[in-house]
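See structure below.
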Amino acid sequence: MHFSLICISLYTIGVAVATPGHVRQPLTSKSKLVARQSMPAINLPTMEAFDTKEVEPKADSSAIRKIMRWGPLRVNAKNGTHTGKLDPTSDAFSAVLDGMCTDCMYITGSTYLTYANGSRASIATGIYNHHVFVGDIGKKQSPIYSCSTGANTTTPNPETTEAPAEGGHADMEGMSAEGEAGHSHGDRVRRDGTSGLAVQLLGSGDDGAPMSYASSQPDVIKTGFYVGKEEKVMHSSEYVNYKDYPQDIYMTIDYEYIPGKPEGYSDALHSSFTVTGCGGAGYEPAKNKASSILSPPLYITAAGTFLNAQAHLHDGGINVRIFLNRALVCDSVAEYGSADAGEATEVGGEAWTTIKGYTGCSEAISMEVGDEVVVEASYDPTKHRLRPGAVDHSMMGEAMGMMGFVYAIKQ
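Residue numbers (mature numbering (1 follows the signal peptide of the UniProt record, and there is no 0)): -18 to -1, 1 to 393.
Encoded structure:
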């Protein structure tokens, strides 16, 4: 799950302290704050890495690949006390991540959850990863597009119809408040690649989908995400436990990087287009039939190259499509787990499988100032159930329709 524009509230947690025998006590979302090397403006603690392993790189033979884990993090039983903000039954954690590379170019990375023995924590074991957001504190990025609020739930064809009418949605996203003059398409704001507190570097939801900055067309453009020497890497995450007992898990990052700032590479950002425009990321889809929603038009404000696009949906989602100047340029489709493959859990007496990945669009596409982008998201709960609540098992109405992507601003 990619949270490049979602406003992340930073929850404070304590630093894991080694006990005799080097056994770490699990952190909870209410642990006492012990600030160490925290940023002056964001009083986050630093969480030391539990373990680090260097392995053979996959994306780039010249890169260094590491698998790092932080924890243990205690996720309370489903009927326990929770401190989550985006989900009422989740537990939330945030910290600066000790050991992540700085003065380096990130090429690719994925985030997921494990247990002490290294096995995966997933819905099959009762753990739902609501989101992991990994951000760069200190990086500055320019806005790349403007947008208005509102969305059309009746989905005309973006290639032939006028822009949809505007309407309101509760705000869930981080965006600048500065309006853009000279347009008559409603109230606009400029969108950038930040959460308001940190620029997204890596992250995912339960799908565990990797984020790749590496271009599949290096003869066209070489891209990566540069983290400066004086910058910090942090995480903010929420997890839901569907079991009757607490579970201790480890937030895990598998990433590749090139030391320094390699010559010939463009410093790219991760951003996203959302079907609700600038009105907020979340909305409620129809609960008993297929439905689609179409965004108001978004307008490019910084020329650059769009690549490595991938949808972000919640369970029940089918696909997200992007139209550039009314032409379809990307269709990213959700891929679901299989009960037969042990990728399901039972909730309320019914099997539940969740999104495990998406098809993507790797092609490098040039975008110019003034280009129009329209987003379409589709859900069908008759094919895939919406995510059930941990306690009451009702189908939760939360939905998102976002397309995450890498963007290299033209210099």
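Backbone N, C-alpha and C fix where the C-beta goes; we use that ideal spot for every residue, glycine too.
Keep in mind the model is a prediction, meaning the values are calculated, not measured.
Looking at the structure shown, is residue i part of a helix, part of a strand, or coil, going by DSSP?
| i | result |
| --- | --- |
| T107 | helix |
| N270 | coil |
| Q229 | strand |
| K392 | coil |
| R47 | strand |
| N58 | coil |
| G319 | coil |
| V351 | coil |
| S254 | strand |
| A74 | strand |
| R367 | coil |
| L79 | strand |
| K338 | strand |
| V202 | coil |
| S128 | strand |
| Q292 | strand |
| D249 | strand |
| L280 | strand |
| G383 | strand |
| L28 | Reading off the sequence, residue 28 comes out as Thr, not Leu. The answer is strand: DSSP assigns T28 an E or B state. |
| S194 | strand |
| A309 | strand |
| G264 | strand |
Spatial neighbours of residue i within its chain, please: CB distance less than 6 Å, with the 5 preceding and 5 following residues excluded, ordered by chain position.
| i | result |
| --- | --- |
| G298 | Y361, P363, H366, L368 |
| V78 | L26, T28, K214, M216 |
| Y208 | M87, K243, D249 |
| P39 | A45, R47, E238 |
For residue i, which residues does DSSP report across the bridge?
| i | result |
| --- | --- |
| Q182 | G117 |
| K35 | I49 |
| V215 | D118 |
| E238 | R47, T90 |
| V302 | S314, A359 |
| D102 | It is worth fixing the name first, because residue 102 is Arg in this sequence and not Asp. BP columns for R102 point to T96. |
| C343 | A291 |
| Y224 | DSSP output for Y224 lists no bridge partner at all. |
| G286 | M349, I391 |
Indicate whether residue i and residue j have their beta-carbon atoms separated by less than 8 Å.
| i | j | result |
| --- | --- | --- |
| G242 | C129 | no |
| Y110 | V222 | yes |
| A196 | T90 | yes |
| S253 | F387 | yes |
| T96 | A103 | yes |
| V202 | G383 | no |
| A359 | I304 | no |
| I240 | G187 | no |
| A45 | E238 | yes |
| L295 | A316 | yes |
| S320 | T341 | no |
| I119 | A180 | yes |
| M385 | A272 | no |
| A346 | Y265 | no |
Please report the straight-line C-alpha distance between residue i and residue j, rounded to a whole angstrom.
| i | j | result |
| --- | --- | --- |
| E212 | T283 | 29 Å |
| I235 | C83 | 12 Å |
| G53 | G286 | 39 Å |
| R308 | K122 | 31 Å |
| L289 | A74 | 31 Å |
| Y224 | N270 | 24 Å |
| N58 | Q229 | 7 Å |
| I231 | N99 | 10 Å |
| C260 | Y281 | 12 Å |
| Q182 | E354 | 24 Å |
| L310 | L26 | 42 Å |
| M193 | F255 | 16 Å |
| A390 | T107 | 39 Å |
| S101 | I337 | 19 Å |
| N301 | S43 | 33 Å |
| L306 | P200 | 23 Å |
Does the beta carbon of residue i come closer than 8 Å to any beta carbon on chain D?
| i | result |
| --- | --- |
| H296 | No chain D appears in this structure, which consists of one protein chain only. |
In chain order, what residues of the same chain have a beta carbon less than 7 Å from the beta carbon of residue i, not counting five sequence neighbours either side?
| i | result |
| --- | --- |
| C343 | A291, C312, S314 |
| D80 | T28, M29, E30, A31 |
| S348 | T287 |
| M34 | This sequence places Thr at residue 34; Met is not what is there. Contacts found: K48, M50, G81. |
| E350 | I282, A285 |
| V37 | R47, I49 |
| A41 | I89, T90, S194, A196, E238 |
| K204 | S197, G246, Y247, S248 |
With a threshold of 8 Å on Cβ separation, who are the neighbours of residue i within its own chain once the five nearest residues in sequence on each side are excluded?
| i | result |
| --- | --- |
| A145 | Bear in mind that the predicted position of A145 carries a pLDDT of just 37, short of 50, making it unreliable; the figure below should be weighed with that in mind. Only H167, P278, P279, V356 meet the Cβ criterion. |
| Q393 | S248 |
| M233 | R51, W52, G53, L55, F75, T93, L95, V114, H217, S219 |
| S198 | L289, N290, S344, E345, A346 |
| G352 | Y281, I282 |
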